Structures are given as structure tokens and as C-alpha cells.
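K.L.:
Taken in order, these protein sequences are the chains called U and L.
Under the working numbering, residues 115 to 193 are what the first sequence spells out, in order.
Under the working numbering, residues 115 to 464 are what the second sequence spells out, in order.
Using N, Cα and C, we set each Cβ at its ideal position, and we do this for glycine too.
The structure presented is a predicted model; accordingly, all values stated were derived computationally and were not measured.
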Amino acid sequence: MLNIKILGGGCANCKRLEQIAQKVVDDNQIEAEFGHVTEYPEIMKYGVMSTPALVVDEKVLCSGRIPSESEVKTWLTAA
Amino acid sequence: MNGLIEKEGKVSGKNLKLALLLVLITAVWIAAYNLIEPLSNWLSFRLFHLQQGTHLGDAVAFFLYDVPKILLLLSGMIFLISILRTFFSPERTRALLGGKRQGIGNILAAMLGIVTPFCSCSAVPLFIGFVESGIPLGVTFSFLIAAPVINEVALIMLFGLFGWKVAGLYVTSGLVIAILAGMIIGRLHLEKYVEDFVWQIKSNGGGVEEHLTWQDRVDRAWQSVREIVGKVWPYVIVGIAIGAAIHGYVPEEALVSIMGKKAWWSVPTAVILGVPLYTNAAGVIPIVSALMEKGASLGTVLAFMMSVVGLSLPEMVILRRVLKPKMLGIFIAILAVAFILTGYLFNLVL
Chain U
115 MLNIKILGGG CANCKRLEQI AQKVVDDNQI EAEFGHVTEY PEIMKYGVMS
165 TPALVVDEKV LCSGRIPSES EVKTWLTAA
Chain L
115 MNGLIEKEGK VSGKNLKLAL LLVLITAVWI AAYNLIEPLS NWLSFRLFHL
165 QQGTHLGDAV AFFLYDVPKI LLLLSGMIFL ISILRTFFSP ERTRALLGGK
215 RQGIGNILAA MLGIVTPFCS CSAVPLFIGF VESGIPLGVT FSFLIAAPVI
265 NEVALIMLFG LFGWKVAGLY VTSGLVIAIL AGMIIGRLHL EKYVEDFVWQ
315 IKSNGGGVEE HLTWQDRVDR AWQSVREIVG KVWPYVIVGI AIGAAIHGYV
365 PEEALVSIMG KKAWWSVPTA VILGVPLYTN AAGVIPIVSA LMEKGASLGT
415 VLAFMMSVVG LSLPEMVILR RVLKPKMLGI FIAILAVAFI LTGYLFNLVL
């Protein structure tokens, strides 16, 4: 069971990132639970300075941009 | 670190192919750019049989010339800027600014504000990240002002519609404003007006360190071209359509009395009007460009431009989360005064 978290204040970019992650999870039948971190003090605990960020099992995989679907797939299937 | 994108082997062969592809695209781009003017004239005056010199003919030719020109310029230049930006990141910028004093720090921060990839949603984590790592408040603000005020879409459109001089003035005055405003904020010692929780945060530092290949950089630049141009093209078209109508139908000099140099109130009005117009920066410039032909003055236009991109309501709402109301008020006041002064200055000297 993967723990996927989207870090960000909730602007359009965060939602796009979540959609991409959700699609990868669905397409590849990965078992995962989604979480959101919207409070800035919490976001800062991950050492992230730009949002949106993707965190899988407490590891920051990318920040400050929206990764492509294939990138997310590589990360999620490897995790 | 994690998030590594490593593609070993055959790298040089791949890079050669990539370089050839980019050369080819550049050639096509230049050819297309040079074809726009003859093509737009042919379409409007031959195909549509419009008369050159009539209101309708001029408006249509203007529209058919400016829309493809601006969209091509936007795609090409955003691609280049995005490639440049893959070499920067907020983390790297923070490291570069660490330990810099006021003054030098402000200048460096303002310049890094142009090239560091940054979306206004990230203003808060970035602010916290900078301040928490010991970067002075004033230096942090120089960055936070330069990043939105010198907006790439606005810059490219000013270049496309007004030429490189106006585009250069826009960048230079944006930098000067960011540097000076940051220095003033630094001198005022406003640390106590930053929300208290900011000072208690201890982040784990680090972030994601990436190793990018040229293929990655090109992919990302291409992605941001699609994203930005995909978002602004309707505004560009509507803006140019309105601009074309003004170009064709509004009489010359019609606006001298209300938007010209002599109308002292036009600059502050332009700044105030610019605040709620954030999302329409791309649509606003073509209209403004047409207004200028009819007698509006350049300083007023620049002040308006900066207000549109630099003082936006959504960003103020975001910043309110880390700044107490008094600090936010000082921030807005300094920027508004700076934009108004810039407007008057250019109206005076040009």
C-alpha cells in the first residue's frame, strides 16, 4: 500500500498533479491511499520550497512542477 | 537524492539528434515568422478583397498580422526562457543568496527573481524557506517582487508589440523597483510584522536535487510552452481583436486628453485599474498598444503593465498568510508608489 501525498496550497497545479497520480494509480492497479498537505508549516517539514510537490511513502519525489504521467508511473511502479 | 532522472549511455548520439531537431524547428520558426506579414496582407486585401486604408481593411490586416506573430513569439521565447529556467530552482537560488548582505543580496535576489521558476502559489513556502534559512527580509522581498513584476508573457508581448526598447525599459525598471523596495523593507525592520509561525518553522532543508539531461530540459521547456501558450492564447486573440478595432476605428489623438502625458491622474488610475486585471495580462497589452497609438503615453502604459502583473489580488491573499496586515499594507503601498513614480518618470523623460 503506497502512501501518496500532494503538497500544496490547493491551486490548479496541485489538482492537476493529483489527477495525474490518481490516473497512474488507476491504470496500473496500484494500491494506494491519497493524502493532502495544505498547511504551510506541514509542507515546510518536507523541506519543499515550491509547490506542488509529490510525496510517496514520505519521500519527496518532485517539487515545483507538474511531472509527466510517464515520470509518475516510473516512480510509483518502482516504489 | 531521489527523483533522479538518469539516462546513461548513447547520450551524445541522442544529444546530436536533439540538436538537429532544434535547428530544424528554429528554421521553420524563422520562415513562418517572416511569412506572417505578406500572408496577412494577401489574406485581407486579396482574398477578402478589403480596401487598404479603410477602417475594416486596416483592422483585419492588423489582427491577422498580430495574432500569429505574438503566438509564434510567445512559443519561441517561452521555450528559450524555460530552457534557461531548468538551470535554476528555488533551492539553488536560496543557496546562492545565503550569507549575502543587504545591497548585493537585493541586486542578486532581483535578478534571480527573473530566472527562477516560480508560480505565485509557491510564494508562501518560498518566503518561509528563504526567511527560515537566514536570508534577510529585504532580500527575500527583492526576490518576491521581481519574480511576478518581470513577467515573461508581458515581456514577450511588450517586445512583440512595442519593440525591444520598451521591453528593456520594463525589465530595467522592474529590477530597480525590486531592488529599492527590498532595501526599503529591509531598513524598516518589519520582522515583527511577519506572522509568528514563520519564525518557528524548522524545515528539513534539502528538497529534490535533480540531474537533468538535455532531453529532460527540452521536454520540460516544451511542456511549459504548451501550458503557458495553452492558457493565454484566448486572451491574446480577444485582446488583439479589441486592439485591432481600436487601431482601425478610433481616431488618432483621441486619447491624448485622457491618457496622455499631460493628464496627471492617468498614471495612478492606470495602477489602480491594473490590480484586478491579473489573469488578463496577455489580453491587456494589445489593447494598451492600440491605445498608445491614439495618444496614451508610454509611462502610463508601463505603470499599468507592472500593476497588472505585480499587484494582483490573488497573490496578496496568498501573502496574507505569512504577513500581518500592516506589513502587507506597507508592501502594497511601496509597490504602488514605485509603479506610479516609474510611470511619471517615463512620461517625463520620453
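Going by other Cβ atoms of all chains shown within 10 Å of its Cβ, with 16 needed for buried, is residue 176/L buried or exposed?
P.N.:
When all chains shown are included, residue 176/L counts as buried.
K.L.:
Give every residue of the same chain whose Cβ lies closer than 8 Å to the Cβ of residue 432/L, excluding the five residues on either side of it in the sequence, and list them in chain order.
P.N.:
The answer, listed in chain order, is 234, 235, 237, 238.
K.L.:
By Cβ distance, which residues of its chain are closer than 6 Å to residue 282/L, with the 5 residues on each side in sequence left out?
P.N.:
Hits under 6 Å: none found.
K.L.:
Measuring alpha carbon to alpha carbon, tell me which of 132/U, 139/U, 179/U, 161/U ends up nearest residue 149/U.
P.N.:
Ranking the options by Cα distance to residue 149/U, first place goes to 132/U.
K.L.:
Please report the straight-line C-alpha distance between residue 119/L and residue 188/U, rounded to a whole angstrom.
P.N.:
With a pLDDT of only 44 at residue 119/L, under the threshold of 50, the placement of this residue in the model should not be trusted; the figure read from the coordinates follows. Near 10 Å, if we compare the C-alpha coordinates of residue 188/U and residue 119/L.
K.L.:
Taking the beta carbon of residue 363/L as the centre, do at least 16 other beta carbons fall within 10 Å, making it buried, or is it exposed?
P.N.:
Its Cβ having fewer than 16 others within 10 Å, residue 363/L is exposed.
K.L.:
Would you call residue 116/L buried or exposed, if buried means 16 or more other Cβ atoms sit within 10 Å of its Cβ?
P.N.:
With a pLDDT of 42 at residue 116/L, under the threshold of 50, the modelled position of that residue is not reliable, and the figure given next carries that caveat. Residue 116/L comes out exposed.
K.L.:
With 9 Å set as the bound, which would you pick, yes or no: does the beta-carbon of residue 216/L sit closer than that to a beta-carbon of chain U?
P.N.:
Not closer than 9 Å to any Cβ of chain U, the Cβ of residue 216/L fails to qualify, so no.
K.L.:
Let me check understanding here. Comparing Cα to Cα, which of 198/L, 173/L, 223/L lies closest to residue 335/L?
P.N.:
Nearest C-alpha to residue 335/L: 198/L.
K.L.:
Nearest CA to the CA of residue 128/L: which residue from 215/L, 328/L, 169/L, 207/L?
P.N.:
Comparing Cα positions, the closest option is 328/L.
K.L.:
What in chain U is Cβ-close to residue 236/L, meaning under 8 Å?
P.N.:
Here the neighbours are 163, 164, 165, 178.
K.L.:
To be precise: take each residue of the segment 239 to 268 of chain L, compare its Cβ to all Cβ atoms of chain U, and keep it if any distance is under 7 Å. Which residues remain?
P.N.:
Listed by position along the chain: 239, 240, 242, 243.
K.L.:
Along the beta strand (DSSP E) that carries residue 151/U, what are the first and last residues, could you check?
P.N.:
Note, residue 151/U: beta strand (DSSP E), 146 to 151.
K.L.:
Could you have a look at residue 426/L and say whether DSSP puts it in helix, strand or coil?
P.N.:
Residue state, collapsed to three classes: coil.
K.L.:
Can you give me the start and stop residues for the alpha helix (DSSP H) that residue 159/U sits inside?
P.N.:
Residue 159/U -> alpha helix (DSSP H) spans 154 to 159.
K.L.:
Answer with yes or no whether the minimum CB distance from residue 123/L to chain U is below 9 Å.
P.N.:
Only weak support is given to the placement of residue 123/L: the predicted model assigns it a pLDDT of 48, under 50, and the question is left unresolved by the model.
K.L.:
Residue 154/L and residue 178/L look like a contact to me (Cβ under 8 Å); what is the Cβ gap, rounded to whole Å?
P.N.:
With 8 Å as the limit, residue 154/L and residue 178/L qualify as a contact, their Cβ atoms being about 4 Å apart.
K.L.:
Which residues of the segment 144 to 164 of chain U have a Cβ closer than 9 Å to any Cβ of chain L? Give them in chain order.
P.N.:
Answer in chain order: 154, 155, 157, 158, 159, 160, 161, 162, 163, 164.
K.L.:
Residue 123/L by DSSP, collapsed to three states: which one?
P.N.:
Unreliable positioning characterises residue 123/L in this predicted model, as indicated by a pLDDT of 48, which lies under 50. A coordinate reading is not provided.
K.L.:
Mind listing the chain U neighbours of residue 315/L? Cutoff is C-beta to C-beta under 7 Å, in chain order.
P.N.:
By Cβ distance, chain U contributes 155, 158.
K.L.:
To which residues of the same chain is residue 123/L closer than 8 Å at the C-beta, ignoring the five residues directly before and after it?
P.N.:
Residue placement at residue 123/L is poorly supported in this model, since its pLDDT is 48, which falls under 50; the coordinates are not used for a value here.
K.L.:
Give me whichever residues DSSP pairs with residue 167/U in a beta bridge.
P.N.:
Residue 167/U is bridged to 121/U, 177/U.
K.L.:
Here's the rule I'm using: 16 or more other beta-carbon atoms within 10 Å means buried, otherwise exposed. How should residue 95/L be labelled?
P.N.:
In the structure as shown, chain L starts at 115 and stops at 464, and residue 95/L therefore has no counterpart that could be examined.
K.L.:
Are the segment 158 to 173 of chain L and the segment 134 to 143 of chain L in contact at 8 Å, needing three or more beta carbon pairs?
P.N.:
Too few Cβ pairs lie closer than 8 Å, so no.
K.L.:
Using 8 Å as the cut-off, can you tell me whether the segment 205 to 215 of chain L makes contact with the segment 163 to 177 of chain L, which would need three or more C-beta pairs spanning the two stretches below that distance?
P.N.:
The segment 205 to 215 of chain L vs the segment 163 to 177 of chain L: no contact.
K.L.:
In angstroms with no decimal places, state the Cα-to-Cα distance between residue 269/L and residue 184/L.
P.N.:
Computed Cα separation, rounded: 12 Å.
K.L.:
Which residues, in chain order, does the segment 121 to 136 of chain U contribute to contact with chain L at a C-beta distance below 7 Å?
P.N.:
Under the 7 Å Cβ criterion, the segment 121 to 136 of chain U contributes 122, 123, 125, 127.
K.L.:
Pull up the DSSP beta-bridge partners for residue 116/U, would you.
P.N.:
Beta-bridge pairing links residue 116/U to 146/U.
K.L.:
Is the shortest distance between the beta-carbon of residue 333/L and the beta-carbons of chain U less than 9 Å?
P.N.:
For residue 333/L, the answer is yes, since a Cβ of chain U falls inside 9 Å of its Cβ.
K.L.:
So who's on the other strand from residue 308/L, going by DSSP bridges?
P.N.:
Paired residue(s): 437/L.
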